[in-house]
Amino acid sequence: MLALALGASILSIRLGISVAIIEICLGMILGNVMDIKVVDHEWLVFLAGLGSVVLTFLAGAEIDPEAMRKNLKSSLLIGTLSFLAPFLAAWWFCYLVLGWGWEAAMLAGVALSTTSVAVVYIVLLETGINRTDTGKIILSSCFVTDLGTALALSTLFITPNIYFVLLVAAIAASTLIMPRLLDWVLPRLKGRSGEPEVKLLLFFVVLLGVTAEVSGSHAVLPAYVLGLVVSNSLSKNRDVLVKVRVLALSFLTPFFFISAGLSISFPAIVAGAGLIAVLFAVKVGAKFIGVYPASKKYIGKDATYITLLMSTGLTFGTISSQYGLNSGIIDQDQFSVLIVTVLLTAVVPTVIAQKWYAPEV
Amino acid sequence: MASEMAKALGAEITILHVVEIEEMPTLIGEAEDMRADEDAQIVLGMAAKLAKGKGVEPKIAVRRGHPANQILRFSDAYSPQLIVLGTRGVTGAKGILMGSVSTAVSRKARVSIMLVR
Chain B
1 MLALALGASI LSIRLGISVA IIEICLGMIL GNVMDIKVVD HEWLVFLAGL
51 GSVVLTFLAG AEIDPEAMRK NLKSSLLIGT LSFLAPFLAA WWFCYLVLGW
101 GWEAAMLAGV ALSTTSVAVV YIVLLETGIN RTDTGKIILS SCFVTDLGTA
151 LALSTLFITP NIYFVLLVAA IAASTLIMPR LLDWVLPRLK GRSGEPEVKL
201 LLFFVVLLGV TAEVSGSHAV LPAYVLGLVV SNSLSKNRDV LVKVRVLALS
251 FLTPFFFISA GLSISFPAIV AGAGLIAVLF AVKVGAKFIG VYPASKKYIG
301 KDATYITLLM STGLTFGTIS SQYGLNSGII DQDQFSVLIV TVLLTAVVPT
351 VIAQKWYAPE V
Chain L
1 MASEMAKALG AEITILHVVE IEEMPTLIGE AEDMRADEDA QIVLGMAAKL
51 AKGKGVEPKI AVRRGHPANQ ILRFSDAYSP QLIVLGTRGV TGAKGILMGS
101 VSTAVSRKAR VSIMLVR
């Protein structure tokens with residue numbers, strides 16, 4: 001598996017394609033050629049799960065809370081529409097047109113509601129508007145979109161039990177305690193051997209994840225919220241954030257993306273090629289309906305460009321789909337169709353945006 | 001070649017290095033890899049040394065993003081009389097989809113371009 005991850009990194013550099021996409025593709029080839037099943041390898045299930053939670057935490061930690069506060073109204077509006085439009089469109093399309101089960105269709109809506117914050121950030125960086133108010137509104141909107149996805153994933157499919165109260169309390173407690181704790185502890189642990197700061201962060205990420213599992217929910221919401229509440233503290237201690245990111249990207253997330261690929265069925269993709277194209281159109285079309293008008297109002301002339309970028313999605317789409325498969329909400333065929341649709345949304349809108357709608361230089 | 005021309009014409013020269021960032025990263029942090037900036041400083045240091053060897057005192061600049069776009073933006077901001085560019089472009093799938101840097105710059109630049117093999 002590590003050899004596969006290394007190969008994926010090298011291919012990514014040579015081909016100029018996202019390493020996550022390469023990892024999923026290599027996993028797909030391995031799974032279909034050698035018939036390797038994720039569920040047969042508990043260590044892989046564990047590492048993939050840990051990878052997805054840490055990745056979600058890191059995504060939350062990249063939020064700029066100050067920018068969000070400053071542009072709250074516009075970010076909430078665009079972000080909520082960016083989540084709701086494709087969520088509802090994909091959900092109802094899968095339920096009413098495709099005849100998927102209620103929960104399976106809802107899961108499809110969640111998986112196709114996402115936005116790739118990192119891709120949008122790159123493009124904003126490219127155009128130099130990442131530091132402007134417009135750029136901050138766009139980024140904050142993307143975070144709100146993904147927060148919607150995390151919230152949906154963690155609440156729509158749960159069977160509440162008594163421990164759900166514990167989870168809510170844990171999230172609330174972490175919001176209050178963690179920033180102060182990290183501001184006090186991280187400078188004191190700096191430079192110590194054994195990377196105690198990294199262990200401390202991972203301990204709390206895993207603790208919240210376990211609490212979520214016990215409560216019958218998904219770890220993505222507490223991990224994302226934890227990342228958000230400690231983002232300020234980590235921005236003051238960037239070396240800790242870099243260390244966690246290196247650990248995640250070099251060792252944990254490859255297992256997550258490869259295991260997602262292992263679960264894809266070639267025959268299902270071939271049989272569902274038309275469906276994949278339709279679902280792709282549903283997501284992008286819905287994003288346009290939801291995001292374009294608000295983008296036009298708050299951002300102006302590059303609204304098409306921004307809307308196309310906000311139609312991208314990879315990480316949360318993959319996490320949602322994987323959760324659906326692991327929980328038995330969707331079957332392998334449905335998972336395969338969703339994951340390939342998510343992969344397409346990671347690539348196609350970006351290429352179209354850059355090729356034909358890039359802002360005038 | 002740019003240094004020799006600048007020396008002959010008594011012109012100013014700016015060496016621009018664009019740190020290419022992955023267009024589809026998983027995390028924002030991947031785009032802010034400080035190691036790429038350090039590598040850029042090394043490359044610029046070597047280029048500046050070469051220029052000084054030709055008797056020219058260059059300015060240096062670093063940008064992050066898509067190379068063609070950043071070159072064009074820099075050109076629009078600073079209005080050089082000539083852009084000197086190598087012809088080794090983007091390779092791989094990205095090259096097929098997006099075209100080479102020199103092609104994109106040649107097509108859109110508002111100033112004269114010299115392509116050097």
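So the protein lines, in turn, are chains B and L.
Just so you know, we're using our numbering here: the first sequence kicks off at 1 and counts up by one.
Just so you know, we're using our numbering here: the second sequence kicks off at 1 and counts up by one.
Don't be surprised by glycine CBs; every beta carbon is placed ideally from N, CA and C.
For clarity, every value in this text was computed on a predicted model and none was experimentally measured.
Contact set between residue i and chain L, taken where Cβ atoms lie within less than 7 Å
| i | result |
| --- | --- |
| Glu-126 (chain B) | Gly-65, His-66, Asn-69 |
| Ala-346 (chain B) | Met-24 |
Residue i versus residue j - alpha carbon distance
| i | j | result |
| --- | --- | --- |
| Ala-8 (chain L) | Leu-125 (chain B) | 37 Å |
| Ala-6 (chain L) | Leu-58 (chain B) | 47 Å |
| Leu-207 (chain B) | Leu-151 (chain B) | 18 Å |
| Tyr-305 (chain B) | Asp-333 (chain B) | 33 Å |
| Pro-58 (chain L) | Ile-15 (chain L) | 7 Å |
| Val-43 (chain L) | Ala-2 (chain L) | 16 Å |
| Val-110 (chain B) | Leu-156 (chain B) | 10 Å |
| Lys-296 (chain B) | Ile-78 (chain B) | 11 Å |
| Ser-154 (chain B) | Arg-188 (chain B) | 34 Å |
| Tyr-224 (chain B) | Ile-36 (chain B) | 31 Å |
| Met-178 (chain B) | Val-229 (chain B) | 7 Å |
| Ser-12 (chain B) | Val-282 (chain B) | 29 Å |
| Asp-146 (chain B) | Pro-25 (chain L) | 16 Å |
| Ser-215 (chain B) | Gly-290 (chain B) | 33 Å |
| Thr-345 (chain B) | Ser-82 (chain B) | 14 Å |
Simplified DSSP state of residue i, which is helix, strand or coil
| i | result |
| --- | --- |
| Gly-7 (chain B) | helix |
| Gly-109 (chain B) | helix |
| Thr-56 (chain B) | helix |
| Gly-99 (chain B) | coil |
| Ala-61 (chain L) | strand |
| Ser-3 (chain L) | helix |
| Ile-71 (chain L) | helix |
| Val-84 (chain L) | strand |
| Leu-27 (chain L) | coil |
| Val-111 (chain L) | coil |
| Leu-16 (chain L) | strand |
| Val-56 (chain L) | coil |
8 Å CB neighbourhood of residue i in its chain, flanking five on each side removed
| i | result |
| --- | --- |
| Val-111 (chain L) | Ser-75, Ser-79, Pro-80, Gln-81, Leu-82, Ile-83 |
| Gly-99 (chain B) | none |
| Ile-269 (chain B) | Ile-276, Ser-336, Val-337, Val-340 |
| Ala-248 (chain B) | Gly-51, Val-54, Leu-55, Leu-58 |
| Ile-24 (chain B) | Phe-257, Ile-258, Ala-260, Gly-261, Ile-264, Thr-318, Ile-339, Leu-343 |
| Ser-235 (chain B) | Leu-241 |
Residues near residue i by beta carbon distance below 6 Å, same chain, minus five either side
| i | result |
| --- | --- |
| Gly-51 (chain B) | Leu-252, Thr-253, Phe-255, Phe-256 |
| Ala-104 (chain L) | Ala-68 |
| Lys-136 (chain B) | Ala-67, Asn-71 |
Cross-chain neighbours of residue i in chain B, by beta carbon under 7 Å
| i | result |
| --- | --- |
| Ile-28 (chain L) | Glu-62, Val-117, Ala-118, Tyr-121 |
Residue i: CB within 7 Å of a non-hydrogen atom of the ligand MG
| i | result |
| --- | --- |
| Glu-30 (chain L) | Of the ligands one can find in the structure shown there are none, so the ligand MG has no counterpart to examine. |
Contacts of residue i in chain L (Cβ-Cβ under 9 Å)
| i | result |
| --- | --- |
| Ala-260 (chain B) | The premise fails here: Ala-260 (chain B) is roughly 13 Å from chain L at the closest Cβ pair, so nothing lies under 9 Å. |
| Leu-55 (chain B) | Thr-26, Leu-27 |
| Ala-59 (chain B) | Thr-26, Leu-27, Ile-28 |
| Arg-131 (chain B) | None at all; the shortest Cβ gap to chain L is about 12 Å. |
| Arg-441 (chain B) | The displayed coordinates of chain B run from 1 to 361. Any statement about residue 441 (chain B) would go beyond what the structure contains. |
| Thr-315 (chain B) | Thr-26, Leu-27 |
Sequence-distant residues of the same chain with beta carbon closer than 7 Å to residue i, five excluded per side
| i | result |
| --- | --- |
| Leu-76 (chain B) | Val-144 |
| Ala-109 (chain L) | Leu-72, Ser-75, Ile-83 |
Per-residue contacts from residue i into chain L (C-beta, under 8 Å)
| i | result |
| --- | --- |
| Leu-4 (chain B) | Correct list: empty, because the minimum Cβ distance to chain L is about 17 Å. |
| Thr-253 (chain B) | Thr-26 |
Short CB-CB distance (under 8 Å) between residue i and chain A
| i | result |
| --- | --- |
| Leu-343 (chain B) | Of the protein chains in this structure, namely B and L, none is chain A. |
Restricting to runs no shorter than 4 residues, where is the alpha helix (DSSP H) found entirely within the region 181-269 of chain B? The region 181-269 of chain B contains these whole alpha helix (DSSP H) runs: 196-214, 220-229, 231-236, 238-247, 253-262.
In chain order, which alpha helix (DSSP H) runs of at least 4 residues are fully inside the region 121-173 of chain B? The alpha helix (DSSP H) runs lying completely inside the region 121-173 of chain B and spanning 4 residues or more are 133-155, given in chain order.
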